Amino acid sequence: MKTKVLMFGWEFPPHHSGGLGVACQGLTRAMAARGIDIIFVMPKKLDVGAPWARFVFADTGVEARAVNSSLKPYVSGNGYARALHDAMIYGASLLAEVRRYALLGGQIAKEEQFDVIYAHDWLSFGAGVEAKRVSGKPLIVHVHATEFDRCGGPMGVNRDVYEIEKEGMEMADRVIAVSQYTKDMIVRNYGISESKIKVVHNGIDDSTEPHGAADRLRLKNLKASGYSIVLFLGRITLQKGPDYFLRAAKSVLMREPKVVFLLSGSGDMERQMMDMAASLGISDRVLFTGFLSGADRHEVYSAADLFIMPSVSEPFGITALEAMSAGTPVLVSKQSGVAETVRHALKADFWDVDEMTNKILGVIQHKGLRQSLSENGRREVSAITWEDAAGKVENVLQETLLAGVQ
Amino acid sequence: MKSVCFYFQVHQPYRVKKYRVFDIGNDPEYFNDRGDGKLNNRQILQKVAQKSYIPATKLLIELLRRHPEMKVSFSFSGVALEQMQQFTPEVIDLFKELIDTGRVEVLGETYYHSLAFFYSPSEFERQVSKHRDTVRKLFGVWPRVFRNTELSYRNDLGEWADKNGYAGILAEGWDPILGWRSPNYVYKPKGSQNAKLLLKNYRLSDDVAFRFSSRDWSEWPLTAEKFAQWVGVAEGDVVNLFMDYETFGEHQWEDTGIFNFLEQLPQELAKNSGIDFKTPSEVIASYDAKDELDMPHTVTWADTDRDLTAWTGNPMQRSALDAIYGLEEKILLANDLKLLEDWRRLQTSDHFYYMCTKWFSDGDVHAYFSPYESPYDAHIAYMNALQDLKLRLEKTSRA
Chain A
0 MKTKVLMFGW
10 EFPPHHSGGL
20 GVACQGLTRA
30 MAARGIDIIF
40 VMPKKLDVGA
50 PWARFVFADT
60 GVEARAVNSS
70 LKPYVSGNGY
80 ARALHDAMIY
90 GASLLAEVRR
100 YALLGGQIAK
110 EEQFDVIYAH
120 DWLSFGAGVE
130 AKRVSGKPLI
140 VHVHATEFDR
150 CGGPMGVNRD
160 VYEIEKEGME
170 MADRVIAVSQ
180 YTKDMIVRNY
190 GISESKIKVV
200 HNGIDDSTEP
210 HGAADRLRLK
220 NLKASGYSIV
230 LFLGRITLQK
240 GPDYFLRAAK
250 SVLMREPKVV
260 FLLSGSGDME
270 RQMMDMAASL
280 GISDRVLFTG
290 FLSGADRHEV
300 YSAADLFIMP
310 SVSEPFGITA
320 LEAMSAGTPV
330 LVSKQSGVAE
340 TVRHALKADF
350 WDVDEMTNKI
360 LGVIQHKGLR
370 QSLSENGRRE
380 VSAITWEDAA
390 GKVENVLQET
400 LLAGVQ
Chain B
0 MKSVCFYFQV
10 HQPYRVKKYR
20 VFDIGNDPEY
30 FNDRGDGKLN
40 NRQILQKVAQ
50 KSYIPATKLL
60 IELLRRHPEM
70 KVSFSFSGVA
80 LEQMQQFTPE
90 VIDLFKELID
100 TGRVEVLGET
110 YYHSLAFFYS
120 PSEFERQVSK
130 HRDTVRKLFG
140 VWPRVFRNTE
150 LSYRNDLGEW
160 ADKNGYAGIL
170 AEGWDPILGW
180 RSPNYVYKPK
190 GSQNAKLLLK
200 NYRLSDDVAF
210 RFSSRDWSEW
220 PLTAEKFAQW
230 VGVAEGDVVN
240 LFMDYETFGE
250 HQWEDTGIFN
260 FLEQLPQELA
270 KNSGIDFKTP
280 SEVIASYDAK
290 DELDMPHTVT
300 WADTDRDLTA
310 WTGNPMQRSA
320 LDAIYGLEEK
330 ILLANDLKLL
340 EDWRRLQTSD
350 HFYYMCTKWF
360 SDGDVHAYFS
370 PYESPYDAHI
380 AYMNALQDLK
390 LRLEKTSRA
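Chains as they are written, first to last, in numbering that gives the first Met the number 0: chain A, 0 to 405; chain B, 0 to 398.
1) List the residues of chain B whose Cβ lies closer than 9 Å to the Cβ of residue 249 of chain A, in chain order.
2) Taking Cβ positions, are residue 315 of chain B and residue 370 of chain A nearer each other than 9 Å?
3) Per DSSP, which one or two residues make a beta bridge with residue 227 of chain A?
4) At what residues does the alpha helix (DSSP H) containing residue 163 of chain B begin and finish?
5) What residue range does the beta strand (DSSP E) around residue 4 of chain B cover?
6) Could one say the Cβ of residue 378 of chain B lies closer than 9 Å to chain A's Cβ atoms, at least one of them?
7) Please confirm whether residue 334 of chain A has its beta-carbon closer than 9 Å to some beta-carbon of chain B.
8) Report back the beta-carbon spacing between residue 288 of chain B and residue 195 of chain B to the nearest angstrom; my notes put them in contact at under 8 Å.
9) Between the region 242-267 of chain A and chain B, which residues of the former have a C-beta closer than 8 Å to a C-beta of the latter?
10) State the DSSP-derived secondary structure class of residue 243 of chain B, mapped to helix, strand or coil.
11) Here's the rule I'm using: 16 or more other beta-carbon atoms within 10 Å means buried, otherwise exposed. How should residue 67 of chain B be labelled?
12) CB residue 197 of chain B to CB residue 279 of chain B, shorter than 9 Å?
13) Rounded to the nearest angstrom, what separates residue 339 of chain B and residue 31 of chain B at their Cα positions?
14) What in chain B is Cβ-close to residue 324 of chain A, meaning under 9 Å?
15) Taking only runs that begin and end inside the region 293-320 of chain A, name each unbroken beta strand (DSSP E) of 3 or more residues, in chain order.
16) From what residue to what residue does the alpha helix (DSSP H) around residue 356 of chain A run?
17) So, helix, strand or coil for residue 133 of chain B, using DSSP?
18) DSSP three-state label for residue 17 of chain B, please.
19) Of the choices B:28, B:123, B:343, B:139, whose alpha-carbon is the least far from that of residue 146 of chain B?
20) Is residue 373 of chain B near residue 19 of chain A, with beta carbons less than 9 Å apart?
21) So residue 315 of chain B contacts chain A; which residues on that side make the cut at Cβ distance below 8 Å?
22) First and last residue of the beta strand (DSSP E) that includes residue 348 of chain B?
23) Listing by chain order, which chain A residues have their CB less than 9 Å from the CB of residue 311 of chain B?
24) Per DSSP, residue 275 of chain B forms a beta bridge with which residues?
25) Hey, how far is the Cα of residue 268 of chain B from the Cα of residue 284 of chain B?
26) How would you write the range of the alpha helix (DSSP H) that residue 188 of chain B sits in, first residue to last?
27) Run through the DSSP bridge pairs and tell me what residue 6 of chain A is partnered with.
28) For residue 334 of chain A, which residues of its own chain have a beta-carbon under 6 Å away from its beta-carbon, when the five flanking residues on both sides are left out?
29) With DSSP as the reference, identify every bridge partner of residue 307 of chain B, one or two as the case may be.
30) Give the straight-line distance between the Cα atoms of residue 22 of chain A and residue 52 of chain A, rounded to the nearest whole angstrom.
31) Name, please, each residue of chain B whose Cβ falls closer than 7 Å to the Cβ of residue 358 of chain A.
32) Name the chain B residues whose beta carbon is nearer than 8 Å to that of residue 353 of chain A?
33) Closer than 7 Å by C-beta to residue 249 of chain A: which residues in its own chain qualify, once you throw out the five before and the five after it? Chain order, please.
34) Between which residues of its own chain and residue 390 of chain B is the CB-CB distance below 6 Å, once the five residues before and five after are set aside?
35) Distance, Cα to Cα, residue 37 of chain B vs residue 44 of chain B?
36) Between the region 330-357 of chain B and chain A, which residues of the former have CB atoms less than 7 Å from a CB of the latter, in chain order?
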């Protein structure tokens with residue numbers, strides 16, 4: 000008998016703005032390959048080319064208003080609280096959406112046949128909990144990020160979001176954390192018993208990355224004129240530490256002027272970062288590319304001499320694996336899950352701008368270091384697969400089902 | 000008659016501190032870490048002295064007194080001796096006392112425990128002669144047998160030792176080279192007239208050095224009685240037991256029983272009739288070469304590859320080695336003693352070992368021996384220090 004999973008998600012490639020969608024895609028494909036049946040529920044009808052799972056959209060066939068398309072799952076607690084204060088519209092409607100998704104989740108659970116419920120992150124936890132209440136089936140929640148990560152610390156944590164996360168983890172039969180870093184955070188901040196939490200690191204799927212030879216951004220010209228390229232790729236939000244990236248950039252440029260720093264992504268701190276680059280006097284060496292996907296994204300990964308992920312708090316950090324798989328050396332913050340899974344990466348505390356400078360200059364100036372990081376990193380990352388992750392998830396599924404029988 | 004030949008290696012590098020890009024041009028001291036971490040050379044030496052050098056040497060002095068037939072040999076890197084003189088002079092006194100028994104042979108090597116033989120023959124010669132002078136001044140003995148850094152060996156090193164009047168040279172007894180031959184005989188290096196080759200019996204040596212405390216090992220616990228029996232049944236003329244001296248007390252801690260093992264070994268070996276102790280020179284004088292050994296490629300005693308890849312295997316290591324040896328001509332011309340000394344200390348093989356990234360197959364050994372967070376951190380600190388050295392060199396050359 001195949002195990003049937005009713006899975007609640009929020010985003011899925013190509014419609015996604017971050018690692019959550021990529022993770023759902025990689026994980027469900029590998030789970031399906033292991034013979035697990037997946038009904039993947041999303042709040043809103045989207046085109047997804049993922050034939051390995053059956054998709055159900057909560058807004059079709061049920062009475063529902065359309066989800067406001069401007070809503071993003073990564074609104075930081077800060078921005079979120081600010082929005083609540085400012086207008087009481089943005090945040091309130093996201094929460095309302097999450098609550099409506101929960102109710103619809105319950106309805107879908109009544110209509111579908113399945114053995115276990117699986118929910119990704121707080122936006123889907125409500126739906127998972129409701130499905131469990133309706134069906135009595137066990138619930139697994141998969142924590143890709145917590146409110147503490149999104150806020151870069153306990154300051155500004157949104158109470159409602161926190162409560163939804165906490166309820167989801169408490170109601171869950173098992174919790175999957177994307178890293179030991181996240182597991183520790185769940186134990187510390189949510190009071191969840193350690194024994195209930197299983198760490199499953201993300202994988203990376205080569206085939207999801209388009210390998211175009213595009214040079215739309217003309218980075219080759221830059222390199223040909225002797226510039227080194229240092230890349231930040233991620234949402235430009237407090238959590239991702241773009242301000243530390245710029246401070247390191249300033250410090251590097253004082254010693255080595257032929258470097259260009261790329262900030263790739265969008266987010267609520269974009270404007271602020273442009274102002275900061277200007278006030279540091281390095282605007283001519285900092286390029287903002289906006290959000291990149293597909294071939295453009297691959298272009299910046301492969302053109303970069305170094306990828307930096309200076310996150311203040313990063314549950315995992317799949318972009319670091321993407322960069323490594325493109326053969327690009329990476330420098331990741333020690334406050335990240337990926338730092339515990341890869342060895343062939345440079346690591347520094349996100350606040351240690353001096354150490355970042357030391358390492359950035361090391362990579363720029365020493366070819367041997369670049370080559371070793373590139374070769375070893377690519378090889379290391381090729382062994383970090385979604386197949387492994389799916390195998391561990393399957394074990395959790397089986398444990399959960401077994402516990403239900405006893 | 001069969002002989003047991005002990006050789007212990009004593010070496011401590013000058014570890015480069017966490018030398019950052021901001022230090023370049025500002026701080027000419029690369030080896031003076033004063034933290035509590037694994038880069039504080041003084042602290043490390045004091046710790047190793049307490050755990051290993053002092054108790055092991057006291058025990059050996061006592062064993063030589065108790066067993067008049069017992070003999071051992073040592074090789075000391077110059078940088079280890081220098082640090083002991085500075086940080087733990089009592090250890091030097093113990094070694095003097097040990098060597099004064101006349102039953103301890105001291106071998107020759109490069110002062111800086113370097114790979115100079117493979118990068119600069121002239122620098123190699125200078126380091127060997129500096130080491131010889133140091134050993135003579137300190138211990139009053141003249142090395143007659145040579146061992147190169149990490150037991151690295153190939154034909155031309157054998158030829159060099161032969162031409163320079165050494166009675167013999169040590170190497171790893173590595174099966175792919177030996178084929179059907181046993182390491183328990185004396186051999187003749189290809190191309191040499193008189194010098195002979197002694198080969199490490201790595202199985203028996205590693206039983207002590209690596210496996211002694213391993214509970215996964217089917218022979219654990221290893222008793223002196225059992226080990227003496229293995230030596231007793233080994234075929235051949237000589238069993239060469241070559242290992243790091245830190246095996247006693249540092250790699251294998253006291254609570255593993257390693258000192259008791261060492262203490263009981265002579266009397267257990269004596270129970271096998273026809274076993275004696277010999278130093279490398281005595282082995283060479285006593286036994287004829289069984290065969291000529293052709294070793295065109297470098298063999299070392301390191302990890303499972305037994306080659307130089309732990310020091311030269313990746314682009315970081317190769318570029319660091321090229322960079323340091325590339326400075327030779329200018330450094331020698333600069334005629335600045337401190338500069339010369341720092342350049343040479345940066346040649347110690349350990350610096351390159353710390354940059355080793357062969358973690359996939361035999362990484363544990365490397366991880367254990369590295370004081371840096373990662374091979375990449377080791378490389379960055381090294382290259383920064385080297386950059387500063389270059390600046391100092393340019394300044395001196397201009398003046």
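Note that CB positions come from ideal geometry on N, CA and C, so glycine has one too.
Predicted, not measured: the structure shown is a model, and the values here were computed from it.
Quick look at the numbers:
1) In the first sequence, residue 249 of chain A corresponds to position 250, counting from 1. Those do not exist, as residue 249 of chain A stays about 14 Å from chain B at its closest Cβ, beyond 9 Å.
2) By one-based count along the second sequence, residue 315 of chain B stands at place 316. By one-based count along the first sequence, residue 370 of chain A stands at place 371. Cβ atoms of residue 315 of chain B and residue 370 of chain A: closer than 9 Å.
3) For the purposes of this step, residue 227 of chain A is identified with residue 228 of the first sequence, where counting begins at 1. DSSP output for residue 227 of chain A lists A:258 as bridge partner(s).
4) As a first step, residue 163 of chain B is located in the second sequence; it is residue number 164 there, counting from the start. Premise fails: residue 163 of chain B is in no alpha helix (DSSP H) and is neither H nor E.
5) Within the second sequence, the letter at position 5 stands for residue 4 of chain B. 1-9 is the extent of the beta strand (DSSP E) around residue 4 of chain B.
6) For the purposes of this step, residue 378 of chain B is taken as residue 379 along the second sequence, with counting starting at 1. Yes, because at least one Cβ of chain A sits closer than 9 Å to the Cβ of residue 378 of chain B.
7) Your numbering for residue 334 of chain A matches position 335 in the first sequence. Not one chain B Cβ lies under 9 Å of residue 334 of chain A.
8) Taking the second sequence and counting its residues from 1, one reaches residue 288 of chain B at position 289. Taking the second sequence and counting its residues from 1, one reaches residue 195 of chain B at position 196. 6 Å between Cβ atoms; contact.
9) 254
10) By 1-based counting over the second sequence, the position of residue 243 of chain B is 244. The answer is strand: DSSP assigns residue 243 of chain B an E or B state.
11) Within the second sequence, numbered from 1, the residue matching residue 67 of chain B stands at position 68. The residue in question, residue 67 of chain B, is exposed, as its Cβ has fewer than 16 Cβ neighbours within 10 Å.
12) Mapped onto the second sequence, residue 197 of chain B falls at position 198. Mapped onto the second sequence, residue 279 of chain B falls at position 280. Their beta carbons are under 9 Å apart, which means residue 197 of chain B touches residue 279 of chain B by this criterion.
13) Walking along the second sequence from the start, residue 339 of chain B turns up at place 340. Walking along the second sequence from the start, residue 31 of chain B turns up at place 32. For residue 339 of chain B and residue 31 of chain B, the distance between alpha carbons rounds to 17 Å.
14) Start at 1 with the first residue of the first sequence, and residue 324 of chain A comes out as number 325. Here the premise fails: no neighbours, minimum Cβ distance about 17 Å.
15) Assignment of beta strand (DSSP E) within the region 293-320 of chain A, counting only whole runs of 3 or more residues, yields 305-308 in chain order.
16) Here residue 356 of chain A corresponds to residue number 357 of the first sequence, with the count starting at 1. Counting along the chain, the alpha helix (DSSP H) containing residue 356 of chain A begins and ends at 352-364.
17) Taking the second sequence and counting its residues from 1, the one referred to as residue 133 of chain B is at position 134. Three-state DSSP puts residue 133 of chain B in a helix.
18) Looking up residue 17 of chain B in the second sequence gives position 18. Coil at residue 17 of chain B, not helix or strand.
19) If you number the second sequence from 1, residue 146 of chain B lands on position 147. It is B:123 whose Cα lies nearest to the Cα of residue 146 of chain B.
20) Indexing the second sequence from 1 puts residue 373 of chain B at position 374. Indexing the first sequence from 1 puts residue 19 of chain A at position 20. No. Outside cutoff.
21) The residue labelled residue 315 of chain B in the question sits at position 316 within the second sequence. Those are 365, 367, 368, 370, 371, listed as they occur along chain A.
22) The residue you call residue 348 of chain B lines up with position 349 of the second sequence. Segment 348-352 is the alpha helix (DSSP H) holding residue 348 of chain B; no beta strand (DSSP E) there.
23) The count along the second sequence starts at 1 and reaches residue 311 of chain B at position 312. Here the premise fails: no neighbours, minimum Cβ distance about 11 Å.
24) Stepping through the second sequence from its first residue, residue 275 of chain B is reached at position 276. Assignment of beta-bridge partners to residue 275 of chain B by DSSP yields B:2.
25) Position 269 of the second sequence, counted from the first residue, corresponds to residue 268 of chain B. Position 285 of the second sequence, counted from the first residue, corresponds to residue 284 of chain B. Going from the Cα of residue 268 of chain B to the Cα of residue 284 of chain B covers about 22 Å.
26) Locating residue 188 of chain B in the second sequence gives position 189, counting from the first residue. Where residue 188 of chain B is concerned, there is no enclosing alpha helix (DSSP H), although the beta strand (DSSP E) it sits in stretches over 185-188.
27) As a position in the first sequence, residue 6 of chain A is number 7, starting the count at 1. In the DSSP assignment, residue 6 of chain A forms a beta bridge with A:39, A:117.
28) The residue you call residue 334 of chain A lines up with position 335 of the first sequence. For residue 334 of chain A, where only same-chain residues beyond five positions count, the Cβ hits under 6 Å are 312, 349.
29) As a working mapping, residue 307 of chain B is identified with position 308 in the second sequence. Residue 307 of chain B pairs with nothing; no bridge assigned.
30) For the purposes of this step, residue 22 of chain A is taken as residue 23 along the first sequence, with counting starting at 1. For the purposes of this step, residue 52 of chain A is taken as residue 53 along the first sequence, with counting starting at 1. Distance between the alpha carbons of residue 22 of chain A and residue 52 of chain A is about 14 Å.
31) As a working note, residue 358 of chain A is residue 359 in the first sequence. Going along chain B in sequence order, the residues near residue 358 of chain A (Cβ under 7 Å) are 379.
32) Here the question's residue 353 of chain A lines up with position 354 in the first sequence. The contacting residues are 19, 21.
33) For the purposes of this step, residue 249 of chain A is taken as residue 250 along the first sequence, with counting starting at 1. Closer than 7 Å at the Cβ level, and outside the excluded window around residue 249 of chain A, lie 279, 281.
34) Start at 1 with the first residue of the second sequence, and residue 390 of chain B comes out as number 391. Excluding residues within five positions, the ones whose Cβ falls inside 6 Å are 24.
35) Working through the second sequence from its first residue, we reach residue 37 of chain B at position 38. Working through the second sequence from its first residue, we reach residue 44 of chain B at position 45. One C-alpha to the other measures close to 11 Å.
36) 356
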